[in-house]
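Protein chains in written order, with the working numbering: chain A, 1 to 123; chain B, 1 to 110. Data first, discussion second: the structure below is written as structure tokens.
Now the structure itself:
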């Protein structure tokens with residue numbers, strides 16, 4: 001059974017960097033695409049970006065154009081984890097952050113999600 | 001890259017059918033058969049209901065179906081049940097190799 005678990009600080013100060021980790025169990029991350037998706041309170045879903053898990057395709061990322069300048073998504077095959085770094089955060093970055101597996105080779109076939117972690121940006 | 005448009009809300013009575021449209025552009029829905037639909041209950045993670053326009057993952061009721069015409073994809077739920085009350089989101093692959101979510105639709109079962 002594939003399971004995803006997000007972890008990281010629940011509170012981040014404005015202008016600092018938000019860092020989250022997605023720990024994956026039940027499958028190797030070297031398969032499939034791994035995504036970060038967020039949801040501001042009371043609002044809709046926003047795709048942040050993805051990384052391809054294969055170790056033979058280093059740097060295979062895609063990012064939302066609106067966040068590309070601030071986002072880095074990496075994968076660590078040795079730990080079976082995917083990470084998200086979002087720089088220069090503001091209150092608008094507050095929300096629940098989900099990691100999700102895309103079995104559709106980047107087509108948005110998000111079949112498995114983590115439970116999500118709430119991140120609040122505030123001083 | 002703009003988000004596909006969904007109605008903010010739809011409603012229906014138990015047993016009825018409803019359709020939720022997701023209107024995109026020729027840069028996303030219109031050019032690719034890579035549309036997925038997700039159901040989200042309050043406080044829960046989204047659940048994949050439809051992928052690649054009209055395919056159901058194992059375990060999803062056949063009351064849920066998807067279709068596409070031009071730049072608009074649609075999710076149809078037949079035989080509405082109380083448990084279908086939730087938020088529904090579409091997503092599409094885009095011409096710049098990214099993914100984009102629709103704004104979401106709140107389904108109320110009357």
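Each residue gets a CB set at the ideal place from its N, CA and C atoms; glycine is no exception.
Going straight from the alpha carbon of residue i to that of residue j, what length do you get?
i	j	result
residue 23(B)	residue 72(B)	4 Å
residue 67(A)	residue 33(B)	25 Å
residue 26(A)	residue 4(A)	9 Å
residue 50(A)	residue 89(A)	19 Å
residue 117(A)	residue 91(B)	21 Å
residue 26(B)	residue 1(B)	11 Å
residue 89(B)	residue 13(A)	30 Å
residue 20(B)	residue 7(B)	7 Å
residue 80(A)	residue 35(A)	14 Å
residue 52(B)	residue 19(A)	32 Å
residue 41(B)	residue 75(A)	29 Å
residue 77(B)	residue 9(A)	39 Å
residue 28(A)	residue 45(B)	22 Å
residue 97(A)	residue 6(A)	8 Å
residue 37(B)	residue 83(B)	17 Å
residue 98(B)	residue 62(A)	6 Å
residue 38(A)	residue 59(B)	25 Å
Give the C-beta separation of residue i and residue j to the nearest angstrom, bearing in mind that I take them to be a contact with Cβ-Cβ under 8 Å.
i	j	result
residue 17(A)	residue 87(A)	5 Å
residue 72(A)	residue 85(A)	4 Å
residue 66(B)	residue 4(B)	Residue 66(B) to residue 4(B), Cβ: 14 Å. No contact.
residue 75(B)	residue 109(B)	Not a contact, Cβ separation roughly 15 Å.
residue 48(A)	residue 23(A)	Not quite, the Cβ-Cβ distance comes to about 18 Å (not below 8 Å), so this is no contact.
Quick check on DSSP: helix, strand or coil for residue i?
i	result
residue 85(B)	coil
residue 77(A)	coil
residue 5(B)	strand
Once you ignore the five residues that flank residue i on each side, which residues in its own chain have a CB closer than 7 Å to its CB?
i	result
residue 40(A)	94 and 95
residue 9(B)	105, 106 and 108
residue 121(A)	12, 14, 89, 90, 91, 93 and 94
residue 94(B)	1, 27, 28 and 100
residue 30(B)	24, 70 and 71
residue 57(B)	48 and 51
residue 86(B)	39, 40, 41 and 107
residue 1(A)	26
Could you tell me which residues DSSP puts in a beta bridge with residue i?
i	result
residue 29(A)	In DSSP, residue 29(A) forms no bridge with anything.
residue 102(A)	33(A) and 110(A)
residue 38(A)	46(A) and 97(A)
residue 66(B)	75(B)
residue 21(B)	74(B)
residue 40(B)	87(B)
residue 101(B)	91(B)
residue 68(A)	Answer is none; residue 68(A) lacks a bridge partner.
residue 47(B)	39(B)
residue 83(A)	21(A) and 74(A)
residue 119(A)	95(A)
residue 52(A)	33(A)
Go through its chain and collect everything with a Cβ distance to residue i's Cβ below 6 Å, but skip five positions before and after it.
i	result
residue 52(A)	33 and 60
residue 110(A)	100 and 102
residue 54(A)	30
residue 83(A)	21 and 74
residue 13(B)	110
Within the same chain, show all residues whose beta-carbon is closer than 8 Å to that of residue i, passing over the 5 residues directly before and after it, in chain order.
i	result
residue 15(B)	79 and 80
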